[in-house]
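Before any comments, here is the structure.
Chains as they are written, first to last, in this note's numbering: chain A, 1 to 317; chain B, 318 to 634.
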């Protein structure tokens, strides 16, 4: 007797995932956010392909039938976690590994562009103005990377390769990773403070006015984690008071930023549209990763990239 | 009997070199370009502190008394070499080592900024426009670095640290360094072609329309060597015909660029004011380096960083 074919519900985004390899092995049902709640009870597996959507959080059933496994094509899970999902026995997995190197390269791009004063060079070019400046040597500067998961560790490795003295801060201190108690001290010495932590109840708003006050006036703050890590008004204030020299945000509390957002025009702030991890080819990589996990799941082998639903991220290294 | 104190002639620029350690050990005479020719015959040593000046080339005496040693606070010597200086027994040294890492970091900044589409992100921020894009993964791309001196080698090492597959091209092939015969082949495969060669009669104009035609349409060209390596009109043409995807020039045939130069507005071209090697603190480093060489010279010990005057650079690794 053939095994029943599981129903795979896909919360879609453009472009659709390439799931051809699952033909005949899954009944694939596509849904948008509006139909999600209605379709969830009949699904065995939910693939959250549209990882910008908060629909899962709102649609997740409090009781009754539900998917046994949810996979999100993202590193963060803050957009889908809710008390009901955390409490039930549904397994949640994420796209750990796909975004690490692109995010790390993006951080290196920002750090080097700032050290070498590239934004001003582009402004001067527009003004046809030859103005020679001396710029900073990156080697020998100090970075403090907050978030000790694969993204944070890859950022640290990349900065170290550029001879930046880099400290990594995680939730729990262990070899090579500082605990939260060291954060203020490390931030106060750093030239570059880089946020790459997951958004959890512990990390929400952790970069507030007090923390920016700890930083050196010559230092820069970069956020490639989640917008909610930062009290945005406090960052704007720290920049306008020149408590810190500059900042770059790739993520925001409310995305996308509207044209009316004051953040576009905060002096010393570089704004980018949540793209640090999104390299050409990622959709294929995300699709391949999901298909591999699906094959493990149907074979009854243990899944990898399993999120600790209470902590809100995949624990361990 | 005390040794006679040598006369050190300094072709100045702002800020003056800190030569306090030479007090009593050299008679230091400062000069501008206009008085150089008159003062050269009485000098034992010439320090070319103003390395943007071409005055030495014009003022060097064809015969008669002249400095026995010329040091330039730069890597390149094209601004001072002339047949008379090349033919005489005066030793020429350069500032080998001071600029390597800053130039390499500057190249990494350009490569990463281009890969991550940072100039467009800054434009979009100015327009308050949230436009998410996928950008390039730098790791796994290919670079071809032309110039196998310390600057080129440091660029190659830095790009390799970012997981860029990097080939180095020099005048003479040896272990780890390709010869000129491999240049076209390597350029045709490269995502990043980076010019860091000295300007000599062999290298002048080596990047011409034919060479840009060899490159991939997705590739970028970066020049941090000397402006004269590039046929600038050809580069502008290659860019406007989209033979290559973009370029960045930090050096130009005529510097500074005037506001009238068409190069400021070539689509796809980033223009910067010959600053790639100039990190904060370099004047101190250049001063210390010269004083150390001066101490060698007065002690009769062999100088280092000795330029092969016919080749136009310091040979060997």
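We treat Cβ as the ideally placed atom computed from N, Cα and C, and that holds for glycine.
Bear in mind the structure is a predicted one, so any value in this text is a computation, not a measurement.
Requested in this report: Answer with yes or no whether the minimum CB distance from residue 270(A) to chain B is below 8 Å.
Outcome: So yes, residue 270(A) belongs to the interface.
Query - Length of the line joining the Cα atoms of residue 43(A) and residue 257(A) - result: Rounded to whole angstroms, the gap between the alpha carbons of residue 43(A) and residue 257(A) is 34 Å.
**Report entry** Three CB pairs or more closer than 8 Å across the region 264 to 272 of chain A and the region 437 to 445 of chain B
**Finding:** Counting C-beta pairs with one atom in each stretch, the region 264 to 272 of chain A and the region 437 to 445 of chain B have three or more that are closer than 8 Å, which means they touch.
**Report entry** Unbroken alpha helix (DSSP H) run spanning residue 344(B), endpoints
**Finding:** Counting along the chain, residue 344(B) falls outside any alpha helix (DSSP H), though it belongs to the beta strand (DSSP E) covering 344 to 348.
Requested in this report: Starting from the beta carbon of residue 102(A), find every residue of chain B whose beta carbon is closer than 7 Å, and list them in chain order.
Outcome: Those are 454, listed as they occur along chain B.
Query - Uninterrupted beta strand (DSSP E) stretches inside the region 215 to 250 of chain A (no shorter than 3 residues) - result: Qualifying beta strand (DSSP E) stretches, in chain order: 220 to 223, 246 to 249.
Query - Contact set for residue 291(A): own chain, Cβ-Cβ below 8 Å, skip 5 residues either direction - result: Within its own chain, the residues whose Cβ lies closer than 8 Å to the Cβ of residue 291(A), once the five positions on either side in sequence are excluded, are 19, 21, 22, listed in chain order.
Query raised in the report: Which residue from 194(A), 55(A), 170(A) puts its Cα closest to that of residue 103(A)?
Result: Here the closest residue by C-alpha is 194(A).
Query raised in the report: Does any C-beta atom of chain B lie closer than 8 Å to the C-beta of residue 161(A)?
Result: At a cut-off of 8 Å between beta carbons, residue 161(A) contacts chain B.
Query - C-beta contact flag for residue 525(B) and residue 551(B) at 8 Å - result: For the pair residue 525(B) and residue 551(B), the CB atoms are nearer than the 8 Å cut-off.
Query - Neighbouring residues, chain A, relative to residue 597(B) (Cβ below 8 Å) - result: Those are 134, 135, 136, 137, listed as they occur along chain A.
Query - Residue-chain proximity (residue 335(B), chain A), Cβ-Cβ < 8 Å - result: No - not a single Cβ of chain A is within 8 Å of the one on residue 335(B).
Query raised in the report: Along the chain, where does the alpha helix (DSSP H) that runs through residue 475(B) open and close?
Result: Taken as a continuous stretch (DSSP letters only), the alpha helix (DSSP H) holding residue 475(B) covers 467 to 478.
Query - C-alpha distance - residue 89(A) paired with residue 30(A), whole-angstrom precision - result: Rounded to whole angstroms, the gap between the alpha carbons of residue 89(A) and residue 30(A) is 24 Å.
Query raised in the report: Which stretch, first to last residue, makes up the beta strand (DSSP E) that contains residue 293(A)?
Result: DSSP places residue 293(A) outside any beta strand (DSSP E); the residue lies instead in the alpha helix (DSSP H), whose first and last residues are 282 to 298.
Requested in this report: Please name the residues in the region 558 to 575 of chain B whose beta-carbon is closer than 7 Å to at least one beta-carbon of chain A, in chain order.
Outcome: Taking 7 Å as the Cβ-Cβ cut-off, the region 558 to 575 of chain B approaches chain A at 573, 574, given in chain order.
Query raised in the report: Counting contacts by CB-CB distance shorter than 8 Å, is residue 614(B) in contact with chain A?
Result: It does not; no Cβ of chain A falls within 8 Å.
Query raised in the report: Where does residue 529(B) fall in DSSP's three states?
Result: In the structure shown, residue 529(B) adopts helical secondary structure according to DSSP, grouped into three states.
Report task. Using the Cα positions of residue 1(A) and residue 9(A), report the straight-line distance between them to the nearest angstrom. Result -> Because the pLDDT at residue 1(A) is just 45, under 50, the model does not fix this residue reliably, and the point stays unresolved.
Query raised in the report: Between residue 431(B) and residue 454(B), what straight-line distance do the alpha-carbon atoms span, to the nearest angstrom?
Result: Near 11 Å, if we compare the C-alpha coordinates of residue 454(B) and residue 431(B).
Query raised in the report: Where DSSP assigns a beta bridge to residue 10(A), which residues make up the other side?
Result: Residue 10(A) is bridged to 30(A), 47(A).
Query raised in the report: Who are residue 625(B)'s beta bridge partners in DSSP?
Result: DSSP links residue 625(B) through a beta bridge to 630(B).
Requested in this report: Return the first residue and the last residue of the alpha helix (DSSP H) that residue 432(B) is part of.
Outcome: 417 to 432 is the extent of the alpha helix (DSSP H) around residue 432(B).
Query raised in the report: Any C-beta of chain A sitting closer than 8 Å to the C-beta of residue 318(B)?
Result: Residue placement at residue 318(B) is flagged as unreliable, the pLDDT there being 44, under the threshold of 50; a coordinate-derived value is accordingly withheld.
**Report entry** Exposed unless 16 or more other CB atoms sit within 10 angstroms - verdict on residue 200(A)
**Finding:** When all chains shown are included, residue 200(A) counts as buried.
Query raised in the report: Would the region 134 to 148 of chain A and the region 177 to 196 of chain A be scored as touching if the rule is three or more Cβ pairs under 8 Å?
Result: Using a Cβ-Cβ distance cut-off of 8 Å, the region 134 to 148 of chain A and the region 177 to 196 of chain A are in contact, since at least three pairs of beta carbons, one from each stretch, lie closer than that value.
Query raised in the report: Which residues of chain A have a Cβ atom closer than 7 Å to the Cβ of residue 591(B), listed in chain order?
Result: In chain order: 132.
Query raised in the report: Looking at the unbroken beta strand (DSSP E) that takes in residue 168(A), where does it start and where does it end?
Result: Run containing residue 168(A): 165 to 169, per the beta strand (DSSP E) assignment.
Query - Rounded C-alpha distance that separates residue 328(B) from residue 390(B) - result: Distance between the alpha carbons of residue 328(B) and residue 390(B): 10 Å.
Query - Residues of its chain near residue 160(A), where Cβ-Cβ distance is below 7 Å and the 5 sequence neighbours each way are ignored - result: Closer than 7 Å at the Cβ level, and outside the excluded window around residue 160(A), lie 166.
Query - Beta-carbon proximity check, residue 373(B) vs residue 365(B), cutoff 8 Å - result: At a Cβ-Cβ threshold of 8 Å, residue 373(B) and residue 365(B) count as neighbours.
**Report entry** chain A contacts made by the region 522 to 543 of chain B, where a contact means CB separation under 8 Å
**Finding:** Listed in sequence order: no entries.
Query raised in the report: For residue 184(A) versus residue 223(A), is the C-beta distance shorter than 8 Å?
Result: Result no, Cβ atoms of residue 184(A) and residue 223(A) do not sit closer than 8 Å.
Query raised in the report: residue 474(B) to residue 485(B), Cα distance in whole Å?
Result: If you take the alpha carbons of residue 474(B) and residue 485(B), they lie about 10 Å apart.
Requested in this report: Return the CA-CA distance between residue 556(B) and residue 531(B), expressed in angstroms with no decimal places.
Outcome: Rounded to the nearest angstrom, the two C-alpha atoms are 13 Å apart.
Report task. Would you decide whether residue 582(B) is buried or exposed? Buried here means 16 or more other CB atoms lie within 10 Å of its CB. Result -> Burial is judged here by how many other beta carbons sit within 10 angstroms of a residue's own beta carbon; residue 582(B) has fewer than 16 and is exposed.
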